[in-house]
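Position 87 (the sequence shown) corresponds to 87 in the UniProt record's numbering; numbering is contiguous. Positions of the beta carbon are idealized from the N, C-alpha and C atoms, including for glycine. Everything numeric in this text was worked out from a predicted model, so none of it was measured. Since the structure comes first, as structure tokens, the remarks are kept for the end.
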Amino acid sequence: MSNAGHTQKLYAITIFGYKKEGMGEEEYHDYVSKVHAGHLKALLAQNNIVSYTMQHNTSETRRMLQAIHPGAPAEKEADCDMVVQIVFRDLDDYLRVRQDPHFLQVVNPDHHNFAEGKKTKFVTGWYELHVVDGRVVS
């Protein structure tokens with residue numbers, strides 16, 4: 001992977017996902033981690049995607065925020081159920097994924113099985129690594 005000190009810039013799309021109404025946390029986690037990711041991982045790898053990560057924001061992990069930021073007001077806490085990040089070197093690599101027949105016929109329609117699409121939010125930007133595996137990246 002690249003970082004701030006290298007010439008090759010990396011980019012990311014970050015997705016703030018919400019579980020479908022009526023879906024439990026465990027069911028949501030299992031579905032997105034096994035079924036949905038299973039539909040997508042090979043396609044991302046075939047198109048030179050650098051990384052694909054999920055951060056699950058559950059009732060258990062939400063309690064950690066008060067230990068990290070004691071007294072933080074509730075409105076400071078993101079209410080999403082999951083944060084997905086896809087890192088790529090070139091926008092065309094990611095666009096190729098989104099235009100692939102497998103994405104169009106399998107991956108994209110699968111969102112209806114677990115996601116509250118109206119609440120989903122996205123952000124794009126460049127991606128920098130500063131510490132990896134406990135080591136400062138220069």
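Asked, Found
"In DSSP terms, what Arg135 is bridged to", "Val132"
"At least three beta-carbon pairs within less than 8 Å, the region 7–18 to the region 70–86", "yes"
"Touch test, the region 26–41 against the region 59–71, Cβ-Cβ under 8 Å, three pairs minimum", "no"
"Phe122 burial status per 10 Å Cβ neighbour count (16 or more: buried)", "exposed"
"Counted within 10 angstroms of its Cβ, other Cβ atoms place Val87 as buried (16 or more) or exposed", "buried"
"Straight-line Cα distance separating Ala42 from Pro101", "13 Å"
"Touching by the beta-carbon criterion (3+ pairs, under 8 Å), the region 109–125 and the region 31–40", "yes"
"Of the listed residues Asn57, Arg89, Ser59, nearest to Leu10 (C-alpha basis)", "Arg89"
"Same chain, Cβ closer than 6 Å to Leu40, five either side skipped, listed in chain order", "Val107"
"C-beta contact flag for residue 180 and Arg96 at 8 Å", "Residue 180 is absent from the model: the chain starts at 1 and stops at 138."
"Where the beta strand (DSSP E) through Gln85 begins and ends", "82–88"
"Selection from Leu129, Val136, Lys119 that minimises the alpha carbon distance to Lys20", "Lys119"
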